[in-house]
Amino acid sequence: MAGHASKEMKANKVDWGGKTSPFSVSYGKLMMWFFLVSDALTFGGFLVAFGLTRYSYGGAWPIGEETFDALPFLTGSYPLAYVALMTFILIISSVTIVLGVEAGHRMDRKGVTKWLLATIVGGLVFVGSQAWEWSHFIHGTNFGRVELSDGSVATAKGEFGKIHDFEIVRPGSHYEGVGTKITNDNITAEDGDLMHAFQHAAAKRKLSGTAGAMMITLHDGTVAKVNKEADKDLQLIVKVPGNDYAVSSAADESTRIHEADGSVDLYYEALSKGNVVYGANLHENEYGPQTYGHFFFFVTGFHGFHVSIGIILMIIVFINVLKGTYEKRGHYEMVEKVGLYWHFVDLVWVFVFTFFYLI
Amino acid sequence: MEQRDDIIEYSLDNHHSEEEGKKIRKKIWKVTLILSIVTLVEVFFGAMVKQGSSMWLTVKVLFILLTIVKAAYIVMTFMHLGDEKKALKWIVLLPYLIFMTYLIFIGLAEGAALYPRMH
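Protein sequence lines correspond, in order, to chains A and B.
Counting with this note's numbering, you get residues 1 to 359 for the letters of the first sequence.
Counting with this note's numbering, you get residues 1001 to 1119 for the letters of the second sequence.
Here's what the structure looks like:
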C-alpha cells in the first residue's frame, strides 16, 4: 500500500507536472467515467435517431399516455402509471447504491452489504417489470388496431366485453355436439383460451357476422356462435385518415368515433374482414409506424441489457464484499465504480422515460 | 506484490468520518425527495395535458427542463461529479454537451426536412 506517499505528493500542487493525477482520482475511476461518456454518446445517438424518425413522420406518431396505460391484474386505463412505477423503482435503487458507496467510505462493511443487496433486489424488480411491459407490448390490447371500411386506420379504446363461451353450431374434428359450449375449461391447447382464439380468428379472417351475432371458426374447423357481452363505450381513435374519417386529435375526445357515430358497427365490420393487428412484433404493430416498434424494442432492450449487466457486476462485487476483499484492500472503491455505472443506467432511463413515454 | 512508493493511492482520499457521513446521507435523502417529486409532477402533467392541446408546447418544454434537472441531480450528487476536481468535471461534461447539442440540432432539423419528402 502506498497511501503514505499521497500527502507529500499533493503538497507540490502542480496539477499537470507529472507524477500526480491532475484529476485526483484513481485510474479505475477515471476510466469508468470515460466509458460512461462513450456509452452516453451511444444512448444519445439512439435517442436522437428516434427523434429524427419521429420528426420525419410529422404528427403520425403513437402517444405515450394512450399506448402505455395498462397495469398488471387490472383492466381499465391508467396512463403512464406503470412506467412511473418503473422509474421510481430505478430511482430508489440509485439511492440504495449511493448509500452503499457512502457506507464504503466509512469502511462500514455491514452497511455496504445491506445497501448492495437492496440495489440488486431493486435491479431485479426493474428487469422483471420491464419483462412484463414487453410482454404486454407484444401481446397488445384486447381491441387491437383496425383498418376501417373507408381506408382509415384506428386504435380502439373502451372496455372489452367478456367472452362467455363459443356455442357449437357445426362440429369440427375435435369439438363435438351441436349446442355444446366451449369455455376456457374445455378449449384445446391449440386454441389457447377464448380471448386468444377470438383474436387469432379475427386476424385470420375467421370471424363473421356483426357485433351481437358473431360466428367463429376454430382450429379444427368447428363453427361456433360467440357469446360475448357488449363492449362498453367503444371509441375509435383515428390515426391515419381515410375517405370518411380525419385523424382524431389527442387533445379533443369529440374527434374520436363514438358509439353514437357507429363505432361498434365499424369496428366489428373490420374484425369480420380480418383488418386487425394485435400487439407488436418485428413486422407490424398496433401502436403506430413500424419504426416505432423497432425503436421501442431496441432502445428499451439495450437499456434493459445494461441493467442486467449492472446486476451481474453488483453480484460479483457483493460476493467480494462478503469475502472481505475490499476490507483487506483498505477501501471500497469498487462499490463506487459499480455505483457510477448503476447511476448511469438510472440516468439513461430518466431520458428514455421523457422522450419515449412522456413526449 | 512489490511495494511502490511513487504511486499515489487516490482511492483512500474519499474516506470520511461518521459525522461527515451523516451530512452526506442527509443530502442523499433530500435529493431522493426532489427526484421523486419531479417524477410525480411529470406523470401528473403527462396524464392531464393531452398532446395537441394549447398547453402542450409549454408542458413539453417543462418535461425537458425537469428531465435536465433530474439528470443534473443524479450526475452531480449521486455520481458526486460535483465534488470532483474541476478538471475532471469539465472533461466529462463539456465534450458530451457540445457534441450532443450539435447532434440534437442536426437530427431534428434533418427529421423535419425529411417529413415533406416522405409524405
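Ideal Cβ placement from N, Cα and C applies to all residues, glycine included.
Mind pulling the chain B residues with CB within less than 9 Å of Glu-102 (chain A)?
Here residue 102 (chain A) corresponds to residue number 102 of the first sequence, with the count starting at 1. The contacting residues are His-1016, Gly-1021, Ile-1024, Arg-1025 and Ile-1028.
For Ser-129 (chain A) and Val-223 (chain A), the rounded distance between their alpha carbons:
On the first sequence, position 223 is the one that residue 223 (chain A) refers to. On the first sequence, position 129 is the one that residue 129 (chain A) refers to. One C-alpha to the other measures close to 39 Å.
Are the C-beta atoms of Pro-72 (chain A) and some chain B residue less than 7 Å apart?
Within the first sequence, residue 72 (chain A) is the residue found at index 72, counting from 1. No, no contact with chain B.
Run through the segment 212-259 of chain A for me and flag every whole beta strand (DSSP E) of 3 or more residues, listed as ranges in chain order.
213-217, 223-228 and 232-240
Exposed unless 16 or more other CB atoms sit within 10 angstroms - verdict on Tyr-1102 (chain B):
Position 102 of the second sequence, counted from the first residue, corresponds to residue 1102 (chain B). Counting Cβ neighbours within 10 Å, Tyr-1102 (chain B) comes out exposed, since fewer than 16 surround it.
Taking 8 Å as the limit between beta carbons, can you name the residues of its chain near Leu-117 (chain A), skipping five residues before and five after?
As a first step, residue 117 (chain A) must be located in the first sequence, where it is residue number 117. Closer than 8 Å at Cβ, skipping near neighbours: Phe-318.
Please list, in chain order, the chain A residues whose beta carbon lies closer than 7 Å to that of Val-1043 (chain B).
As a first step, residue 1043 (chain B) must be located in the second sequence, where it is residue number 43. What Val-1043 (chain B) touches in chain A: Leu-80 and Ala-84.
Would you report the Cα separation of Thr-188 (chain A) and Ala-260 (chain A), rounded to the nearest angstrom?
The residue labelled residue 188 (chain A) in the question sits at position 188 within the first sequence. The residue labelled residue 260 (chain A) in the question sits at position 260 within the first sequence. If I take the Cα positions, the gap works out to 38 Å.
Ends of the beta strand (DSSP E) at Asp-1013 (chain B)?
To locate residue 1013 (chain B), count along the second sequence from 1; it is residue 13. Note, Asp-1013 (chain B): premise wrong, no beta strand (DSSP E); not H, not E.
Look at the Cβ atom of Ile-182 (chain A), then the Cβ atom of Asp-165 (chain A), and state whether they are nearer than 7 Å.
Translated into positions along the first sequence, residue 182 (chain A) becomes position 182. Translated into positions along the first sequence, residue 165 (chain A) becomes position 165. Yes, they are a contact pair.
Going by DSSP in three states, Thr-67 (chain A) sits in which element: helix, strand or coil?
Sequence index remark: in the first sequence, residue 67 (chain A) carries index 67 (1-based). DSSP places Thr-67 (chain A) in helix when its eight states are reduced to three.
Residues bridged to Lys-157 (chain A) [DSSP beta-bridge criterion]:
On the first sequence, position 157 is the one that residue 157 (chain A) refers to. DSSP output for Lys-157 (chain A) lists A:Gln-235 as bridge partner(s).
Near His-343 (chain A), what residues of its chain come up, given a Cβ to Cβ distance below 8 Å and the 5 sequence neighbours on each side ignored?
To locate residue 343 (chain A), count along the first sequence from 1; it is residue 343. Cβ neighbours of His-343 (chain A) beyond the five flanking positions: Ser-94, Ile-97 and Val-98.
Chain B contacts made by the segment 23-35 of chain A, where a contact means CB separation under 7 Å
Phe-23, Ser-24, Val-25, Ser-26 and Trp-33
Could you check the C-alpha separation between Val-1061 (chain B) and Val-1038 (chain B) for me, to the nearest Å?
Mapped onto the second sequence, residue 1061 (chain B) falls at position 61. Mapped onto the second sequence, residue 1038 (chain B) falls at position 38. Approximately 14 Å, taken between the alpha carbons.
Answer yes or no: does any C-beta atom of chain A fall closer than 7 Å to that of Thr-1067 (chain B)?
On the second sequence, position 67 is the one that residue 1067 (chain B) refers to. Judged by the 7 Å Cβ criterion, Thr-1067 (chain B) is in contact with chain A.
Cβ contact (3+ pairs, closer than 8 Å) linking the segment 291-306 of chain A and the segment 163-178 of chain A
no
Give the single residue among A:Lys-239, A:Thr-255 and A:Leu-85 whose Cα lies nearest to the Cα of Phe-1044 (chain B).
Here residue 1044 (chain B) refers to the residue found at position 44 of the second sequence. Here the closest residue by C-alpha is A:Leu-85.
For chain A, check one thing: does any of its Cβ atoms lie closer than 7 Å to the Cβ of Gly-1111 (chain B)?
Stepping through the second sequence from its first residue, residue 1111 (chain B) is reached at position 111. Closer than 7 Å: yes.
The beta strand (DSSP E) with Leu-207 (chain A) in it runs from where to where?
As a working note, residue 207 (chain A) is residue 207 in the first sequence. Residues 207-210.
Under the assumption that Val-125 (chain A) contacts Ile-89 (chain A) (Cβ atoms under 8 Å), give the Cβ distance between them as a whole number of angstroms.
Mapped onto the first sequence, residue 125 (chain A) falls at position 125. Mapped onto the first sequence, residue 89 (chain A) falls at position 89. Rounded, the Cβ-Cβ distance is 6 Å, consistent with contact.
For His-331 (chain A), name the three-state secondary structure that DSSP assigns.
Taking the first residue of the first sequence as position 1, residue 331 (chain A) is located at position 331. Correct three-state label for His-331 (chain A): coil.
For Asn-275 (chain A), which residues does DSSP report across the bridge?
The residue given as residue 275 (chain A) occupies position 275 in the first sequence. Looking at the DSSP assignment, Asn-275 (chain A) forms no beta bridge with any residue, so it has no partner.
Should the segment 22-40 of chain A be called in touch with the segment 314-330 of chain A, which here means at least 3 C-beta pairs below 8 Å?
no
DSSP puts Phe-1105 (chain B) in a beta bridge; with which residues?
In the second sequence, residue 1105 (chain B) corresponds to position 105, counting from 1. Paired residue(s): none; Phe-1105 (chain B) is not in a bridge.
To test your reading of the DSSP string, which unbroken alpha helix (DSSP H) runs of 4 or more residues are found completely within the segment 56-103 of chain A?
64-67
Closer than 8 Å, Cβ to Cβ, to anything on chain B: give me those residues from the segment 340-352 of chain A, in chain order.
Leu-340, His-343, Phe-344, Asp-346, Leu-347, Val-350 and Phe-351
Can you say whether Phe-356 (chain A) is buried or exposed, counting buried as having 16 or more other CB atoms within 10 angstroms of its CB?
Walking along the first sequence from the start, residue 356 (chain A) turns up at place 356. Buried: at least 16 other Cβ atoms inside 10 Å.
Across the segment 243-263 of chain A and the segment 309-317 of chain A, are there enough close Cβ pairs to call them in contact, namely three or more that are closer than 8 Å?
no
Taking its Cβ as the centre, do 16 or more other Cβ atoms sit within 10 Å of Asp-191 (chain A), making it buried, or is it exposed?
In the first sequence, counting from the first residue as 1, residue 191 (chain A) sits at position 191. By the 10 Å Cβ count, Asp-191 (chain A) comes out buried.
Range covered by the alpha helix (DSSP H) that runs through Phe-126 (chain A)
As a working note, residue 126 (chain A) is residue 126 in the first sequence. Note, Phe-126 (chain A): alpha helix (DSSP H), 109-139.
Spatial distance of Phe-353 (chain A) from Val-83 (chain A) (CA atoms)
Locating residue 353 (chain A) in the first sequence gives position 353, counting from the first residue. Locating residue 83 (chain A) in the first sequence gives position 83, counting from the first residue. The straight-line gap from Cα to Cα measures roughly 8 Å.
Indicate, with yes or no, if the ligand FMN has a heavy atom lying under 6 Å from the CB of Ser-77 (chain A).
Inclusion of the ligand FMN in the displayed structure is not the case, the ligand content being empty and no account of it being possible.
Neighbour list for Ala-40 (chain A) in chain D, Cβ cutoff strictly below 7 Å
Although the question refers to chain D, the structure presented lacks it and instead comprises the protein chains A and B.
Quick one: grab the DSSP three-state call for Asp-265 (chain A).
To locate residue 265 (chain A), count along the first sequence from 1; it is residue 265. In the structure shown, Asp-265 (chain A) sits in a helix (DSSP, three-state: H, G or I).
Measuring only the C-alpha atoms, how far is Thr-113 (chain A) from Glu-333 (chain A)?
As a position in the first sequence, residue 113 (chain A) is number 113, starting the count at 1. As a position in the first sequence, residue 333 (chain A) is number 333, starting the count at 1. Straight-line Cα distance between these residues: approximately 14 Å.
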